[in-house]
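Numbering (the numbering used here), first residue to last: 709 to 1075.
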């Protein structure tokens, strides 16, 4: 269980998120028995797989662009396409060393072998990534997930060309994607794709304050909190947890390298991870948004994901939601980019480009 306190106008706002028992035990093992874990990871078993990576300072590549939102300088990756639709808005996961680079293989596949060659925008959420402004909770408070949603809404309104887009949200950032589609302030969001989202129960269940308060004191400790991050940011640990929870097979070298380099020597990138792992994105139920959402939705699960059964209610209880499965586990846009592109492409053709809202009156009745 991971908890964080965020100060806003002298008030402490704290939430927590449930993790399954195995994740909880492993996290506590890292915190209370770091020497044992370090000894294990220094064994012959891990030495062959966990060569230390040197941190390197990334220079902005040609696809990194910037925009302003509510006093923040925010960054996003942009890939120009030949077609005007469907424009994609990609919401990256939040975690150790993660940001918009997570979607690199997916973007390549979308505009390459199996793709549409349409515009793709992958924003770095406020405080995430190495290009935009960092976030310090002591200097400025944020509402979660609302402020992350608002930041992306500004991108859609100001930067996105065309009149329609599909939001693709990865993993636990499903509340951000859902709110973007539900609020739809710009009117441009025509479809929602959730890859490996939380279970339906997790999405409609608010986190109890009692658990929040019980765990808050633990994580805010500069000793245990800092120790936990210093351990979790090691390349060997990143590989260990990626293999255990994220990949259907084994994590690749590029994944470990990118995540390790992004977090190495950058403690200023930790607060968003703390906020996310604290459960601030799930401080309330999203049942109303899920059951009243009018835009078509696609929920994609990995074939090796044991949580798949917990997502059946998306298909049965939402207005227009389809369930799909591709090879992999919990990081499908990275692990299976071409397969993920194909199911989104099919979803677009079947649910969006041919929906009544996209057709003229005469075309609709001809069908």
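Beta carbons are placed, not taken as given, at the ideal position from N, Cα and C, and that holds for glycine.
Neighbour-count burial assignment, residue i, 16 or more Cβ in a 10 Å radius
i: residue 1057; result: exposed
i: residue 889; result: buried
i: residue 1009; result: buried
i: residue 805; result: buried
i: residue 865; result: exposed
i: residue 717; result: Residue placement at residue 717 cannot be trusted, given a pLDDT of 33 that sits under 50; the coordinates are not used to answer.
i: residue 840; result: buried
i: residue 916; result: exposed
i: residue 817; result: buried
i: residue 795; result: buried
i: residue 914; result: exposed
i: residue 831; result: buried
i: residue 1059; result: buried
i: residue 779; result: exposed
i: residue 1092; result: Residue 1092 is absent from the structure shown; the chain starts at 709 and stops at 1075.
i: residue 1041; result: buried
i: residue 1017; result: exposed
i: residue 879; result: buried
Sequence-distant residues of the same chain with beta carbon closer than 7 Å to residue i, five excluded per side
i: residue 999; result: 1025 and 1026
i: residue 958; result: 951
i: residue 680; result: What the structure shows of the chain is the stretch from 709 to 1075, and residue 680 is not part of that stretch, so it cannot be assessed.
i: residue 790; result: 825
i: residue 771; result: 785, 786 and 787
i: residue 976; result: 842
i: residue 1015; result: 907
i: residue 1013; result: 904, 1037 and 1038
i: residue 776; result: none
Neighbourhood of residue i by C-beta, 8 Å cutoff - its chain only, sequence neighbours within 5 removed
i: residue 980; result: 802, 833, 834, 835, 836 and 843
i: residue 884; result: 799, 833, 853, 856, 857, 860, 877 and 989
i: residue 1022; result: 902, 905, 908, 998, 1005, 1007, 1029 and 1031
i: residue 991; result: 723, 852, 914 and 915
i: residue 891; result: 857 and 861
i: residue 940; result: 738, 804, 946 and 949
i: residue 751; result: With a pLDDT of 48 at residue 751, under the threshold of 50, the modelled position of this residue cannot be trusted; read the value that follows with caution. Nothing listed; no residue qualifies.
Cβ-Cβ separation, residue j to residue i (assumed contact under 8 Å), whole Å
i: residue 955; j: residue 1037; result: 6 Å
i: residue 966; j: residue 809; result: 6 Å
i: residue 1034; j: residue 1051; result: 6 Å
i: residue 881; j: residue 784; result: Between residue 784 and residue 881 the Cβ distance is about 15 Å, and since that is not below 8 Å, they are no contact.
i: residue 838; j: residue 970; result: 6 Å
i: residue 899; j: residue 1055; result: 7 Å
i: residue 1048; j: residue 814; result: 6 Å
i: residue 793; j: residue 870; result: 6 Å
Opposing strand residues paired with residue i [DSSP bridges]
i: residue 785; result: 772 and 830
i: residue 796; result: 828 and 874
i: residue 777; result: 780
i: residue 1030; result: 1006
i: residue 1014; result: Answer is none; residue 1014 lacks a bridge partner.
i: residue 791; result: 826
Cut-off 6 Å between Cβ atoms - residues of its own chain near residue i, not counting five sequence neighbours on either side
i: residue 911; result: 994
i: residue 1044; result: 1034, 1035 and 1036
i: residue 728; result: Caution applies to residue 728, whose pLDDT of 43 falls short of 50 and renders its modelled position unreliable; the value that the coordinates give is listed next. Answer for residue 728: no residue qualifies.
Chain D contact for residue i (CB, 7 Å cutoff)
i: residue 774; result: Although the question refers to chain D, the structure presented lacks it and comprises just one protein chain.
Subject >> 4 or more residues per run - each alpha helix (DSSP H) lying fully within the segment 812-877 >> reply: 812-818 and 854-866
Subject >> Ordered list of alpha helix (DSSP H) runs contained in the segment 885-951, each at least 4 residues >> reply: 908-912, 917-927, 930-940 and 943-949
Original post:
In the segment 956-1010, which residue ranges form an unbroken alpha helix (DSSP H) of at least 4 residues, counting only runs that do not cross its ends?
Top reply: Fully enclosed alpha helix (DSSP H) runs of 4 or longer: 961-971, 978-986 and 995-1000.
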